[in-house]
Amino acid sequence: MSRKYLIAGNWKMNKTPADGADLAKEIAHFVGKDEAAEVVVCPTAVALDRVAHVIEGTAVKLGAQNLYPKASGAYTGEISAEMLRAVFAKYVILGHSERREYFGETDAFVNEKVRFSLECSLNPILCIGETLEQREAGETLEVVKTQLLGGLEGVEEANMPKVVIAYEPVWAIGTGKTATPEMAQEVHAAIRSLLAEKYGVGTAERVRILYGGSMKPANATELLAQKDIDGGLIGGASLEGKSFCDLIAAARSAD
Ligand code: PEP
Numbered sequence: 053m054s055r056k057y058l059i060a061g062n063w064k065m066n067k068t069p070a071d072g073a074d075l076a077k078e079i080a081h082f083v084g085k086d087e088a089a090e091v092v093v094c095p096t097a098v099a100l101d102r103v104a105h106v107i108e109g110t111a112v113k114l115g116a117q118n119l120y121p122k123a124s125g126a127y128t129g130e131i132s133a134e135m136l137r138a139v140f141a142k143y144v145i146l147g148h149s150e151r152r153e154y155f156g157e158t159d160a161f162v163n164e165k166v167r168f169s170l171e172c173s174l175n176p177i178l179c180i181g182e183t184l185e186q187r188e189a190g191e192t193l194e195v196v197k198t199q200l201l202g203g204l205e206g207v208e209e210a211n212m213p214k215v216v217i218a219y220e221p222v223w224a225i226g227t228g229k230t231a232t233p234e235m236a237q238e239v240h241a242a243i244r245s246l247l248a249e250k251y252g253v254g255t256a257e258r259v260r261i262l263y264g265g266s267m268k269p270a271n272a273t274e275l276l277a278q279k280d281i282d283g284g285l286i287g288g289a290s291l292e293g294k295s296f297c298d299l300i301a302a303a304r305s306a307d
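Laid out in structure tokens, this is it:
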């Protein structure tokens with residue numbers, strides 16, 4: 053089963069709408085209508101609309117960094133799926149380790165968001181991954197299993213092709229430390245087996261599992277060559293046009 057590589061840029065709390073539009077222009081110009089690899093940019097909420105206009109007519113897709121799992125109402129500071137759909141977002145990052153750490157998001161809450169995003173026709177990018185402490189205690193696979201199955205509780209098999217999993221070892225995010233391709237592949241393979249146990253091999257083979265954690269042009273080719281690594285969720289290296297475009301090029305030529 054061949055899965056299309058996906059390169060997603062998580063801009064986090066960076067870039068004003070004007071700076072985001074400039075970066076999006078560079079990416080849109082590079083990608084054009086080429087769909088060899090799927091490309092998603094995830095700006096801050098205030099830059100979504102502007103970036104949406106910049107990428108219109110190109111193959112670049114829009115993603116959000118979060119949503120609140122209610123249709124509308126008194127949820128000060130939050131953003132709804134309908135609002136994201138209105139600016140033509142297709143993807144939404146959910147359960148990022150920064151949200152788990154700084155905003156106390158639990159697997160149950162992340163699961164609510166995953167199910168809600170699917171109900172609202174947004175494709176969730178469900179982030180999971182262990183801390184350094186957990187890795188050193190030999191708990192990596194257990195942690196990943198709990199977060200994966202917790203995040204996917206109640207998600208039906210028919211929806212799984214819309215779900216993207218991002219394995220992001222917390223110790224590798226923004227630190228410059230990357231999991232070796234072998235370390236990452238071991239966890240990606242374990243994630244795919246868990247998906248196969250829950251949904252069957254055919255469905256598991258269709259789900260894309262991204263690697264995230266200090267991925268950059270210098271290490272992307274080796275990571276993307278791993279059997280179960282289907283792309284990257286990129287933080288730091290997505291903030292600069294050249295490095296993000298080099299990552300897209302790496303995904304286009306990976307097999
Ligand atoms: C991320 O936060 O999703 C991420 C992978 O960040 P970085 O690439 O900077 O490690």
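Following the numbering used here, the residues of the sequence shown are numbered contiguously, the last one being 307. Heads up, the beta-carbon is just placed ideally off N, CA and C, and yes, glycines get one too.
| Query | Result |
| --- | --- |
| Consider the C-beta atom of Ile225 and the heavy atoms of the ligand GTP; say whether any pair is separated by less than 8 angstroms. | The ligand GTP is not part of this structure, which contains only the ligand PEP. |
| So, Leu200 versus Leu178, is the Cβ gap smaller than 9 angstroms? | yes |
| Report the rounded CA-to-CA distance for Ala88 versus Thr158, giving the unit in angstroms. | 35 angstroms |
| Would you identify the three-state DSSP class for Arg260, choosing helix, strand or coil? | strand |
| Near Gly293, which residues of its chain fall below 8 angstroms by C-beta distance, leaving aside the five closest residues on each side in sequence? | Leu75, Glu78, Ile79, Phe82 |
| In whole angstroms, give me the CA-to-CA distance for Ala73 and Arg55. | 29 angstroms |
| Using 10 angstroms around the beta-carbon of Phe296, count the other beta-carbons present and answer buried if the total reaches 16, otherwise exposed. | buried |
| Confirm, please, whether the CB-CB distance from Asp101 to Val139 is below 9 angstroms. | yes |
| Could you give the C-beta distance for Val92 and Gly115, rounded to a whole number, given that I count them as a contact under 8 angstroms? | 5 angstroms |
| Whole angstroms is fine: what's the gap from Val239's alpha carbon to Lys85's? | 33 angstroms |
| When the Cα of Arg244 is compared with those of Lys279, Ala210, Gly226, which residue comes out closest? | Lys279 |
| If you measure from the CB of Ser290, is any heavy atom of the ligand PEP nearer than 8 angstroms? | yes |
| Could you check which residue in Thr198, Val144, Ala111, Thr68 has the C-alpha nearest to that of Leu285? | Val144 |
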